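First the structure, in the form of structure tokens, and then the observations on it.
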Amino acid sequence: MSVMSHRVPLGDTGWSVWRDVVLRTAGFPAAGLDAFAAPEVAAAADALLAGEDTADLFDKAFTAALADSSAVCGEIAADPLLREAVTWQNPEMLIALDGLLRTDPTVRNVRRRKRELSLLRYWQRYCGKAETIGFFGPVCWGRLDPDQPTTRLRPGPALVSRREVHFEAWALIAYADRLADDLAVRRWWAPALPPHLSLSGRQVTRPLLPPTELSAVEARLLAACDGRTPAAELVRRLCADGKLRSPDDGCLLLDRLVERNLLTWDAGLPVSPVAERVLAERIAAIGDPPVRAEVAAAFDRLRAARDAVAEAAGDPDRLGTALAALNTEFTAVTGRPATRQAGQMYVGRTVLYEETARDLDVTVGSRVLEALAEPLAIVLTAARWLTAEVGAAGERIVADLHAELRGDGPVRLADVWALAQGLLLAPDGPIASAGAELTARWAELVGLDTAAPGQAELRLRSADLAERARALFGADRPGWPSARIHSPDVQVSAAGLDAVDRGDFLLVLGELHPAYVPFDSAVLTPFHPDRAALRAALDADLGPARARVLYPESFPRHSTRMTYALDGPADRQFGIDTAHGADVDRLVRATEAVVEPGADGWVAVLPDGTRWPVMEIFATLLGALLLDAFKLLAPAAHTPRITIDRLVVARRTWRTTVAETGLAGVTGEAERFLAVRRWRARLGLPERVFVKVGTEVKPCYVDLTGPLHAQSLCAMVDAAAKTGPDVTVTVSELLPDPADAWVTDARGRGYVSELRMQITDPVSHRGVNG
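Counting in the UniProt record's numbering, the sequence shown runs from 1 upward without gaps.
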């Protein structure tokens with residue numbers, strides 16, 4: 001593969017885009033968003049609020065709309081696909097669905113109303129969000145073809161073509177920990193020094209703390225704990241050398257070191273999808289045949305229960321039964337519940353999760369790329385500037401810390417990491433400051449101050465902005481090596497594939513992820529047809545080695561699915577804290593690496609002499625933080641849609657508070673609906689919007705004509721009001737419209753979708769074109 005074959009030029013901008021692209025879609029048709037719309041009752045409510053004598057007309061229309069909504073809830077609650085999706089995500093929700101089917105829809109008691117609202121919240125997500133999770137958000141890899149103007153879309157007969165069911169790593173770690181309660185098992189697992197500690201003589205070095213002194217036998221034992229040698233063998237050696245009186249004494253000493261947090265003695269499972277394979281290897285390495293056979297048989301039963309779940313795909317009742325059996329087996333063997341973080345929708349709560357590939361072949365043609373190139377390049381220029389600002393500020397932080405920590409000896413990477421995190425994340429730190437400055441410069445670039453109050457849209461031309469953008473965002477290179485890659489989510493708004501090919505479309509920038517490599521992903525990468533080619537392409541852009549930080553289990557956005565997938569022989573794992581699953585062959589203990597000034601910035605010098613840019617070790621952390629910092633517009637009561645050529649870079653948005661909405665504390669279904677209509681009219685909102693309440697994780701779709709949507713919105717505002725009246729409520733226009741969902745299935749039904757791209761900067765961190 002040639003160096004450039006994985007990329008194509010992004011027009012004449014100098015930037016290039018990877019040929020591979022991920023098409024993220026919803027798993028339910030976009031038309032489902034209309035299920036709870038009621039424009040007739042909205043018109044009646046508006047007439048009543050305008051002072052017309054139409055109370056009776058409104059009452060009748062409202063009663064009829066609620067009855068229609070209840071009937072629709074019953075139809076959706078009985079839908080096998082919806083039931084399967086809910087079974088995967090939250091099996092307890094089936095109780096609510098069954099309750100809707102059993103009860104009289106005309107009896108609107110508190111229980112029924114709560115069940116309808118719960119159903120609505122799942123439904124709007126499944127129909128309205130292009131997420132990558134299970135069959136209600138399948139993965140679809142496609143290609144960009146700059147030589148073919150038209151876009152090709154070939155849906156297969158089914159929604160998904162491939163399914164995979166995996167254990168969550170937290171569940172396998174819990175299972176392995178229960179196995180380790182039996183010394184007959186644990187003695188065959190290899191103890192290891194925690195990844196952020198290091199041993200020198202009889203001293204253990206910890207970040208930011210004085211060394212811990214060990215006894216001679218403790219030091220001898222700890223030095224032998226290499227993460228490869230089973231405890232039984234370690235103890236045997238020390239007994240043979242006369243350092244221990246008996247194997248029991250050795251195991252007791254190991255346990256004491258574990259209690260002092262100086263040792264890990266477990267299965268060493270990584271927080272990634274490969275945890276199951278690693279556990280199987282650990283079990284196979286048990287040197288006692290009867291014990292090995294017993295443990296393997298128990299693990300086989302757990303895996304058989306997993307396989308039964310996988311085989312139940314497409315049958316919600318069978319799936320529910322299989323999941324219940326799996327959960328029972330899990331609880332029986334671990335003594336732990338089969339769920340965690342109950343009530344949350346966006347975390348790995350259950351023992352298993354499903355990944356799928358969409359039954360769809362897609363190639364995006366040059367018409368879309370040509371329309372995207374020039375306006376997106378302006379946004380990418382701002383992204384490069386942001387990484388350069390943060391990278392330079394990070395270098396200054398490292399320099400200051402080095403000066404503060406420098407004494408008679410070298411400055412350890414572990415100490416710099418521990419202190420730099422807080423400085424980077426501070427409210428007045430470099431990420432917040434750079435983000436605020438980016439927003440101010442962007443406002444200047446687009447002339448936001450020239451917009452009239454309430455103006456719906458600013459329409460701009462990339463040709464008029466390009467030179468000014470280069471001046472305002474004048475960074476000559478990215479802030480660290482992997483900051484060379486950015487990832488935009490782009491939606492195509494078109495009435496259908498024919499409209500796309502005619503050039504009758506609008507592009508919408510959902511989010512731009514600065515300094516983020518989406519194609520190295522435990523979710524996306526496994527479905528790519530050639531993972532080796534993906535890794536080779538990544539090496540061509542960034543070099544042959546990646547820095548992988550071992551984060552603690554509690555680290556935000558750290559889960560089985562939210563990790564990397566493209567391993568390479570030169571990759572290194574940096575141990576900066578307690579963490580599961582270190583690969584001892586690639587581990588770099590941050591307490592053994594030292595920070596020094598280099599020819600082009602601060603570097604970490606590893607024990608083998610290898611030198612790494614310090615900011616690259618922070619890269620994954622910075623990439624996660626920059627997504628939140630990359631905001632083109634500052635919060636305001638109203639901001640217009642901003643369109644550059646045919647790319648919408650910012651949707652029209654309204655911002656208010658819980659108190660200002662007037663929706664908190666309103667009781668009665670009709671009263672809530674009228675309050676929502678009053679609020680909509682006061683702000684001049686479109687009928688269909690996304691609403692983000694400050695206490696919620698993500699925005700949700702709201703049709704302001706629908707009585708059931710009004711109840712849901714008021715309930716969210718009521719819940720937020722318990723936190724305080726100043727909780728923010730952010731409203732953004734729905735764009736694209738569901739009618740412009742151009743991605744279709746074999747039956748011609750449209751789906752919400754977005755293209756996740758990977759863009760490479762023409763200049764590397766070292767200032768070299770590539």
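Built from N, CA and C at the ideal position, the CB exists for glycine as well.
Remember, predicted model here, so these are calculated numbers, not experimental data.
| Asked | Found |
| --- | --- |
| Using C-beta distances below 7 angstroms, list every residue in its chain close to V488, excluding the 5 sequence neighbours before and after it, in chain order. | Here residue 488 is Pro; the residue named in the question, Val, does not match the sequence. Correct list, in chain order: L376, L509, L512, M757, I759. |
| Please report how far the alpha carbon of V107 lies from the alpha carbon of R677, in whole angstroms. | 25 angstroms |
| Where do the N-terminal and C-terminal ends of the alpha helix (DSSP H) with R175 fall, by residue? | Sequence check: residue 175 is Tyr here, not Arg. 169-180 is the extent of the alpha helix (DSSP H) around Y175. |
| Looking only at its own chain, which residues have a Cβ that is under 7 angstroms from the Cβ of P91, when we skip the five neighbours before and after it? | G320, L323 |
| Which partner residues does S753 have in the DSSP bridge list? | T25 |
| Tell whether a beta-carbon distance below 8 angstroms holds between P430 and V398. | no |
| Going by C-alpha to C-alpha distance, which of R682, D761, T653 sits closest to T728? | T653 |
| Among the candidates G314, P289, N327, whose CA atom is the shortest distance from the CA of R301? | N327 |
| So for W417, helix, strand or coil by DSSP? | helix |
| Could you tell me whether the stretch 567-581 touches the stretch 626-642, where touching means 3 or more Cβ pairs closer than 8 angstroms? | no |
| With H, G and I counted as helix, E and B as strand and the rest as coil, what does DSSP make of F136? | helix |
| Considering just the uninterrupted stretch of the alpha helix (DSSP H) at C251, what are its terminal residues? | 247-259 |
| Given a cut-off of 8 angstroms, decide if L23 and S753 are closer than it, judged by their beta-carbon atoms. | yes |
| For the stretch 342-429, list the alpha helix (DSSP H) runs that are entirely contained and at least 4 residues long, ordered along the chain. | 366-405, 413-425 |
| Could you give the uninterrupted runs of the beta strand (DSSP E) lying entirely in the stretch 145-225, keeping only those of 3 residues or more? | 152-167, 198-200, 203-206, 209-213 |
| Closest to S462 by C-alpha separation, out of I133, T381, D20, would be which residue? | T381 |
| I need the straight-line Cα distance from D703 to V689, nearest angstrom please. | 7 angstroms |
| Tell me whether H558 sits in a helix, a strand or coil according to DSSP, three-state version. | coil |
| Rounded to whole angstroms, what's the CA-CA distance from M345 to V86? Just pull it up for me. | With a pLDDT of only 43 at M345, under the threshold of 50, the placement of this residue in the model should not be trusted, and no figure is reported. |
| Would V139 and F527 be called neighbours here (beta carbons separated by less than 8 angstroms)? | yes |
| Please classify H513: does DSSP put it in a helix, a strand, or coil? | strand |
| Kindly indicate which three-state DSSP category residue 789 falls into: helix, strand or coil? | Since the displayed the chain opens at 1 and closes at 770, residue 789 lies outside it and no answer follows. |
| D46 to R682, Cα distance in whole Å? | 12 angstroms |
| Mind checking whether A593 and L413 have CB atoms under 8 angstroms apart? | yes |
| By a C-beta neighbour count over all protein chains shown, 10 Å radius and 16 as the cutoff for buried, is S198 buried or exposed? | buried |
| Among the candidates R186, F167, G394, whose CA atom is the shortest distance from the CA of A304? | F167 |
| In the structure shown, what three-state DSSP assignment does V763 receive? | strand |
| Can you say whether E276 is buried or exposed, counting buried as having 16 or more other CB atoms within 10 angstroms of its CB? | buried |
| Rounded to the nearest angstrom, what separates L214 and Y175 at their Cα positions? | 32 angstroms |
| Return the CA-CA distance between F630 and A388, expressed in angstroms with no decimal places. | 13 angstroms |
| What are the partner residues of E733, as DSSP defines its beta bridges? | V689 |
| Quick check: the Cα distance between A312 and R367, rounded to an integer number of angstroms? | 42 angstroms |
| Is Q455 helix, strand or coil when you go by DSSP? | coil |
| Classify Y551 as helix, strand or coil using the three-state DSSP reduction. | coil |
| Suppose contacts are defined by Cβ-Cβ distances below 8 angstroms. Is P707 in contact with A44 by that definition? | no |
| Are the stretch 490-502 and the stretch 532-550 touching, with three or more C-beta to C-beta distances below 8 angstroms? | no |
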